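Top to bottom, those sequences are chains A and B. Take the first sequence: its position 238, counting from 1, is numbered 225 in my numbering, and each next residue is one higher. Take the position in the second sequence, starting the count at 1, then add 38; the result is the number in my numbering. We put the beta carbon where it would ideally sit given N, CA and C, even for glycine. All figures in this text were calculated on a predicted structure; none of them were measured in a lab. Contents: one structure, followed by commentary.
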Amino acid sequence: MQYLPNILFVAALVAGIGFFIRNVKKLARNIKLGKKAVITDNTSMRWKNMLRIALGQTKMVVRPIPGLLHIIVYLGFIIINIEVLEIIIDGVLGTHRIFSSLGRIYDFLIATFEILALLVIIAVVIFWVRRNLIRLRRFIKPEMTGWPKTDANWILYIELILMVLFLTMNGADYQLQHLDAAHYTKAGAFPISQFFTTFFDGMSMSSLILIERSAWWLHILGILFFLNYLYYSKHLHILLAFPNTYFGKLGPKGKFNNLESVTNEVRLMMDPSADPYANSSEVETGEEVPKFGASDVMDLTRIQLLNAYTCTECGRCTNECPANQTGKKLSPRKIMMDTRDRLEEVGKNLDANKGIFENDGKQLLDDYITREELWACTSCNACVEACPVSIDPLSIIMDMRQYLVMEQSAAPSELNNMMGNIENNGAPWPFNQMDRLNWAKED
Amino acid sequence: MESELKVPTMAELSATGQQPEVLFWVGCAGSFDDRAKRITKAFVKILNRAQVSFAVLGTEESCTGDPAKRAGNEFLFQMQAVSNIEVLNAYEIKKVVTACPHCFNTLKNEYPELGGNYQVMHHTQFLDELIKNGKITLEGGKFKGKRITYHDPCYLGRANNVYQAPRDLIAKLDAELVEMKNCKKKGLCCGAGGAQMFKEPEKGDKDVNIERTEQALETKPDIIAAACPFCNTMMTDGVKNKEKEGAIRVMDVAELIANSEDP
């Protein structure tokens, strides 16, 4: 029975990590439903972007207040993980504060964790106030009702609880060290939790041990829970921001991809010596004719699907969107949320049908993203510029427009007029190409 | 205009075996829109004054395909691109300048993969270079001390990171450059991009150009400077909507430079 806590701990750890791996696999499978995007160029530039944007948070501080608060929570998350390492080793081996032999360094580390924990608590409270009391515009948009709103608050509550548990555990430990309790090595500096001792004064040693042990267990179980909560929440960005910034678009934002399938057809049309029937065997053999643009998540690239999972719904894109600012339905954040929701739906469909997608009569277009939203975009790239983790909502909008125009001929009639003019007389307006130089002769 | 503009075409030049240093890509707006034609002429006036060796395609020019591409018609875009590239390559064009950021972006970024490789400059970059090389000199002139706010065209600014050249030009006018609350990387769109120019906006509280004009008016400018024919139209409409057209003018940076020494 002596090893019961160790066994329970290892069981919890294996279950937590195992479940997490299962979710990661599901996530990878869903992303792979997208079209392959081969990205092997500019490796060093991509690493640099990842270090600068994801690790260095350079785009977060564009807005100084949330940027600073976010850096606190982010640093807290990363640095306090060193403490989690100690907790795991202690849990498996049944030791207590195994790193305490580091002496002064250990004191310094624990003190740092405590200060960070307090700062995280403050930041999280401010975040909660901004979301729920100040109700900043970008947090109360139509797409932020229901689960997205609950999710956002849950994340804050979980972070708050984890930090309070951490400090409680330390405070009780500190008090126990004072009382010379067995196994409670005198180690660590407790600049924050030492003030908790007023609560613990006069408590019996066994009560203190109960508090310390409970906080210790709840803290690590909470972390394992949070790890597995990620897949179901908008909080995946803490992991996916890294690959996402690596795969983010390089080069000028104004450069949109040229569709290769179209290039081939155009070349065929423009080349008088080309044999128009040269490729017809493909059709005869029943090979799939490529679909232009995107009407569902499977038509998007894996990068675009990764974008969708990475989105943490901060709404900076929507905040900068000229269409959204002037009351149109388009919200770049909603484009990303819809893409993820539809992808999850397709994933669940696969789960339920042994890995084979059963047509559910739904798609991303119309069932999630309306045409009104797509046509409201000015392609100004403000959303792309605003995203702190290199998400590109504009590319999805453009791909869906391509589907509407090239597969469905469903452009707004004014745009059809414009395109007809370009086709017939080389300008978006009905002017004769032969009059193109008239300006030079006019007064 | 004090003297007639000299506008050689590529066809004329190549008939006499000449090759200009730079091709001026006029664009559809610059060719056909009454307001934008004035920008085209202002730019040519400067090119003439600086004795730049240039030519236009004239009737051989066709839409770059930008609005078709942004509207989702990749097919029409590539048809336009391929036939334009055929013309440009036949004339062995190396360098292109254009006063339209949409043409600029498309020619510079989207044509290379389709076989069109040129050094492409926006006219503000080209003018900035002319000044830096001493080809044109500007000493204050009639815009001295005027409050000018500059509206960043999305396809010049965010899309291609050209923020400084137009600002340097305005600085040369000894004018007071006043920035809007959203400028440079955070510049707000005029509402015309992504083929919006050619359709009615979707339902909303207000039009994008009104929002942007309000931001411009907050700076209490004498002049709103633009560097895109479409932005110019949108901002001009916005100023009219606010009934400020008597007090505030919307001008292209090229017009500011061309007119600065006019009496």
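| What does DSSP give as the partner residues of B:R250 in its beta bridges? | As a first step, residue 250 of chain B is located in the second sequence; it is residue number 212 there, counting from the start. None; B:R250 has no bridge partner.
| Helix, strand or coil at A:W416 [DSSP, three-state] | Walking along the first sequence from the start, residue 416 of chain A turns up at place 429. DSSP places A:W416 in coil when its eight states are reduced to three.
| query | So is B:D275 in contact with chain A if we call contact Cβ pairs under 8 Å? | reply | The count along the second sequence starts at 1 and reaches residue 275 of chain B at position 237. Not an interface residue.
| message | Check whether the region 106 to 124 of chain A and the region 24 to 37 of chain A touch, using three or more Cβ-Cβ pairs below 8 Å as the test. | response | no
| said: Under DSSP, the alpha helix (DSSP H) around A:I198 begins and ends at which residues? | reply: Start at 1 with the first residue of the first sequence, and residue 198 of chain A comes out as number 211. Where A:I198 is concerned, the enclosing alpha helix (DSSP H) stretches over 192 to 216.
| query | With 16 other CB atoms within 10 Å as the buried threshold, where does A:D167 fall? | reply | What you label residue 167 of chain A is simply residue 180 of the first sequence in a count that begins at 1. Result: exposed.
| message | Based on DSSP bridge pairs, tell me the residues matched to A:W426. | response | By one-based count along the first sequence, residue 426 of chain A stands at place 439. None, per the DSSP bridge assignment.
| request: Return helix, strand or coil for A:S268, following the three-state DSSP convention. | output: Against the first sequence, residue 268 of chain A aligns to sequence position 281. Residue confidence is low: A:S268 scores 49 on pLDDT, short of 50, so the model does not pin down where it sits. No coordinate-derived value is stated.
| field | Any chain A beta carbon closer than 8 Å to B:T251 | value | For the purposes of this step, residue 251 of chain B is taken as residue 213 along the second sequence, with counting starting at 1. No, B:T251 lies away from the interface with chain A (no Cβ there is under 8 Å from its Cβ).
| Nearest CA to the CA of B:R108: which residue from A:E429, A:M421, A:L402, A:L424? | What you label residue 108 of chain B is simply residue 70 of the second sequence in a count that begins at 1. With distances taken between Cα atoms, B:R108 lies closest to A:L402.
| task | Give a yes or no on contact between the region 315 to 334 of chain A and the region 402 to 411 of chain A, applying the rule of three or more CB pairs nearer than 8 Å. | result | no
| query | Between which two residues does the beta strand (DSSP E) harbouring B:R76 extend? | reply | Taking the second sequence and counting its residues from 1, one reaches residue 76 of chain B at position 38. Segment 72 to 87 is the alpha helix (DSSP H) holding B:R76; no beta strand (DSSP E) there.
| task | Note down, in chain order, every chain A residue with its Cβ under 7 Å from the Cβ of B:D245. | result | Position 207 of the second sequence holds residue 245 of chain B. Residues of chain A passing the Cβ test: T313.
| Counting Cβ pairs closer than 8 Å, one from the region 172 to 179 of chain B and one from the region 134 to 148 of chain B, do we hit at least three? | no
| Nearest-angstrom Cα distance between B:N254 and B:I248? | Locating residue 254 of chain B in the second sequence gives position 216, where the first residue counts as 1. Locating residue 248 of chain B in the second sequence gives position 210, where the first residue counts as 1. Correcting the residue type first, residue 254 of chain B is Ala in the shown sequence and not Asn. Between B:A254 and B:I248, the C-alpha separation is close to 10 Å.
| said: So, with DSSP's three-state summary, where would you put B:R196? | reply: To locate residue 196 of chain B, count along the second sequence from 1; it is residue 158. Looking at B:R196 - three-state DSSP - the assignment turns out to be coil, as it is neither helix nor strand.
| query | Under a CB-based cut-off of 8 Å, is B:G55 close to chain A? | reply | Counting from 1 along the second sequence, the entry for residue 55 of chain B is found at position 17. Not one chain A Cβ lies under 8 Å of B:G55.
| query | When you compare only the Cα positions, how much space is there between A:K242 and A:I210? | reply | Reading the first sequence from its first residue, position 255 is the one you call residue 242 of chain A. Reading the first sequence from its first residue, position 223 is the one you call residue 210 of chain A. Distance between the alpha carbons of A:K242 and A:I210 is about 42 Å.
| For A:D283, which option in A:S318, A:P319, A:L352 has the closest C-alpha, if you only look at C-alpha atoms? | Translated into the one-based positions of the first sequence, residue 283 of chain A becomes position 296. Cα-wise, what sits closest to A:D283 is A:L352.
| said: Considering just the uninterrupted stretch of the beta strand (DSSP E) at B:K133, what are its terminal residues? | reply: What you label residue 133 of chain B is simply residue 95 of the second sequence in a count that begins at 1. From DSSP, the beta strand (DSSP E) with B:K133 extends over 133 to 136.
| request: Return the chain-ordered list of same chain residues with a C-beta closer than 8 Å to the C-beta of A:E73, the five sequence neighbours on each side being excluded. | output: Here residue 73 of chain A refers to the residue found at position 86 when the first sequence is read from its first residue. Taken in chain order, the residues that qualify are R84, I85, F86.
| Name the chain A residues whose beta carbon is nearer than 7 Å to that of B:M117? | Position 79 of the second sequence, counted from the first residue, corresponds to residue 117 of chain B. Residues of chain A passing the Cβ test: V253.
| field | Sequence-distant residues of its chain with Cβ nearer than 8 Å to B:G183 (five each side left out) | value | On the second sequence, residue 183 of chain B is found 145 positions in, with the first residue counted as 1. Result list for B:G183: D212, A213, E214, in chain order.
| query | Using the C-alpha atoms, what's the distance from A:I26 back to A:K173? | reply | In the first sequence, residue 173 of chain A corresponds to position 186, counting from 1. In the first sequence, residue 26 of chain A corresponds to position 39, counting from 1. Rounded to the nearest angstrom, the two C-alpha atoms are 53 Å apart.
| DSSP three-state call for A:A24: helix, strand or coil? | Position 37 of the first sequence, counting from 1, holds the residue named residue 24 of chain A. If DSSP states are grouped into helix, strand and coil, A:A24 belongs with coil.
| query | Counting contacts by CB-CB distance shorter than 8 Å, is A:V249 in contact with chain B? | reply | As a working mapping, residue 249 of chain A is identified with position 262 in the first sequence. Yes - at least one Cβ of chain B is within 8 Å of the one on A:V249.
| query | Is the CB of B:T187 under 8 Å away from at least one CB in chain A? | reply | Within the second sequence, numbered from 1, the residue matching residue 187 of chain B stands at position 149. Not an interface residue.
| field | Limits of the unbroken alpha helix (DSSP H) element including A:V1 | value | For the purposes of this step, residue 1 of chain A is taken as residue 14 along the first sequence, with counting starting at 1. Per DSSP, A:V1 belongs to the alpha helix (DSSP H) from -9 to 18.
| task | Take B:R287 and list the residues in its own chain whose beta-carbon comes closer than 7 Å to its own, dropping the five residues that flank it on each side. | result | In the second sequence, residue 287 of chain B corresponds to position 249, counting from 1. I261.
| Beta-carbon neighbours of B:C192, restricted to chain A and to distances below 7 Å | The count along the second sequence starts at 1 and reaches residue 192 of chain B at position 154. Here the neighbours are C367, N368.
| request: List the endpoints of the continuous alpha helix (DSSP H) containing A:L103. | output: Here residue 103 of chain A refers to the residue found at position 116 of the first sequence. A:L103: member of the alpha helix (DSSP H) spanning 91 to 119, first to last residue.
| request: Indicate the three-state DSSP secondary structure (helix, strand or coil) for A:D77 in the structure shown. | output: For this step, residue 77 of chain A is matched to residue 90 along the first sequence. Reduced to three states, the DSSP call for A:D77 is helix.
| query | Who does A:R320 pair with in a DSSP beta bridge? | reply | Here residue 320 of chain A refers to the residue found at position 333 of the first sequence. Partner(s): none; A:R320 has no beta bridge.
| said: Counting only C-beta atoms, is B:S91 closer than 8 Å to chain A at any point? | reply: The count along the second sequence starts at 1 and reaches residue 91 of chain B at position 53. Output row for B:S91: interface = no.
| said: DSSP has A:L143 in a bridge; who is on the other side? | reply: Sequence index remark: in the first sequence, residue 143 of chain A carries index 156 (1-based). Answer is none; A:L143 lacks a bridge partner.
| Are the beta-carbon atoms of A:L381 and A:V392 separated by less than 8 Å? | Looking up residue 381 of chain A in the first sequence gives position 394. Looking up residue 392 of chain A in the first sequence gives position 405. Going by C-beta atoms, A:L381 is not nearer than 8 Å to A:V392.
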